[in-house]
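Q: Residue numbering for the sequence shown follows our numbering, beginning at 274 and increasing consecutively. Quick reminder that beta carbons are idealized off the backbone N, C-alpha and C, glycines included. Before we start, here is the structure in question, set down as structure tokens.
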Amino acid sequence: MKVYGAILSPMVRKVIVALEMKGLDFELDLVIPFNTPEGFEKISPLKKIPALQDGEVTLADSSIICEYLEDRYPEIALYPTDPAHKAKARWYEEYADTVLMKVIAEGLFFERVVKPMMGMETDEDKVQQNLKDNMPRTLAYLESVVPEQGFLLGESLMMADIGIGSCFINAGYAGFEPDPSEYPAFAAYLHRVKAHPALQKRIKEDAKLLN
Numbered sequence: 274m275k276v277y278g279a280i281l282s283p284m285v286r287k288v289i290v291a292l293e294m295k296g297l298d299f300e301l302d303l304v305i306p307f308n309t310p311e312g313f314e315k316i317s318p319l320k321k322i323p324a325l326q327d328g329e330v331t332l333a334d335s336s337i338i339c340e341y342l343e344d345r346y347p348e349i350a351l352y353p354t355d356p357a358h359k360a361k362a363r364w365y366e367e368y369a370d371t372v373l374m375k376v377i378a379e380g381l382f383f384e385r386v387v388k389p390m391m392g393m394e395t396d397e398d399k400v401q402q403n404l405k406d407n408m409p410r411t412l413a414y415l416e417s418v419v420p421e422q423g424f425l426l427g428e429s430l431m432m433a434d435i436g437i438g439s440c441f442i443n444a445g446y447a448g449f450e451p452d453p454s455e456y457p458a459f460a461a462y463l464h465r466v467k468a469h470p471a472l473q474k475r476i477k478e479d480a481k482l483l484n
């Protein structure tokens, strides 16, 4: 099995965590956005990361990949089995893939981390506008849905938590953490998610690139 992508991508991290929690062996083939190798569109038609190759199966999009892994390798479950809970899990994952990716990955991490890596100047005015206009309502929503204990859908870490946690790991790399005095439930929840061994392993691997 092979994953195509870069480990600092929240969406690539999400797939890697799923693979590692399921105990599946894989190789990571480094693919950088904006500089994909020739022929990559045969695996990922939109040339986005991550992409997965599992034997003759090739897939793109992190959520599609994670659902495939769940269906094909169900022994360690990362989605609820109850239809209503599973639908809710998919909603949280979609929220992470869309809203959080825009607010955190594009409006924060790209500006403060990726641009300097590429020798480009951070547009800090854009960052501050994003933090003022978009981050508060995002955090207000998350504050309203996270539980006081455990994770979003019970006592076990699942893909909904991994998707949200993965994005906020990147927010931390860009110097942003939710204010626990303003968002106490979400700050505590995020601490539980990031403290999970599966995400701690990824954070330690990220540090090798960031330090």
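With 16 as the cutoff for other CB atoms within 10 Å, does F383 come out buried or exposed?
A: To locate residue 383, count along the sequence shown from 1; it is residue 110. Buried is the call here.
Q: Give the single residue among G436, L404, V418 whose Cα lies nearest to the Cα of I338.
A: Locating residue 338 in the sequence shown gives position 65, where the first residue counts as 1. For the residues G436, L404, V418, the minimum Cα distance to I338 belongs to G436.
Q: Using the three-state DSSP reduction, which class does N308 fall into: helix, strand or coil?
A: By 1-based counting over the sequence shown, the position of residue 308 is 35. In the structure shown, N308 sits in a strand (DSSP, three-state: E or B).
Q: Output needed for K487: all residues of its chain with C-beta closer than 6 Å, excluding positions within five of it in sequence on either side, in chain order.
A: As shown, the chain starts at 274 and ends at 484. That puts residue 487 outside it, with no answer to give.
Q: Using DSSP bridges, identify the partner residues of D302.
A: Translated into positions along the sequence shown, residue 302 becomes position 29. In DSSP, D302 forms a bridge with Y277.
Q: Among G312, P318, L297, S335, which one has its Cα closest to the Cα of R286?
A: Residue 286 sits at position 13 when you count from the first residue of the sequence shown. Cα-wise, what sits closest to R286 is S335.
Q: With V285 as the anchor, note down where its alpha helix (DSSP H) starts and where it stops.
A: Counted from its first residue, the sequence shown places residue 285 at position 12. From DSSP, the alpha helix (DSSP H) with V285 extends over 283–294.
Q: Which class does V372 belong to by DSSP, given the choice of helix, strand or coil?
A: If you number the sequence shown from 1, residue 372 lands on position 99. Helix, per DSSP.
Q: Taking all protein chains shown into account, do 16 or more other C-beta atoms lie within 10 angstroms of the C-beta of Y414, making it buried, or fewer, making it exposed?
A: Locating residue 414 in the sequence shown gives position 141, counting from the first residue. The Cβ neighbour count for Y414, taken over all protein chains shown within 10 Å, is under 16; the residue is labelled exposed.
Q: Could you tell me which residues DSSP puts in a beta bridge with Q326?
A: Mapped onto the sequence shown, residue 326 falls at position 53. BP columns for Q326 point to K275, T331.
Q: Where does V330 land, buried or exposed, given buried means 16+ other C-beta within 10 angstroms?
A: Along the sequence shown, read from residue 1 onward, the residue named residue 330 stands at position 57. The residue is exposed, with fewer than 16 neighbouring Cβ atoms inside 10 Å.
Q: Around the C-beta of G312, are 16 or more other C-beta atoms found within 10 angstroms, so that it is buried, or is it exposed?
A: For the purposes of this step, residue 312 is taken as residue 39 along the sequence shown, with counting starting at 1. Exposed, by the Cβ-count rule.
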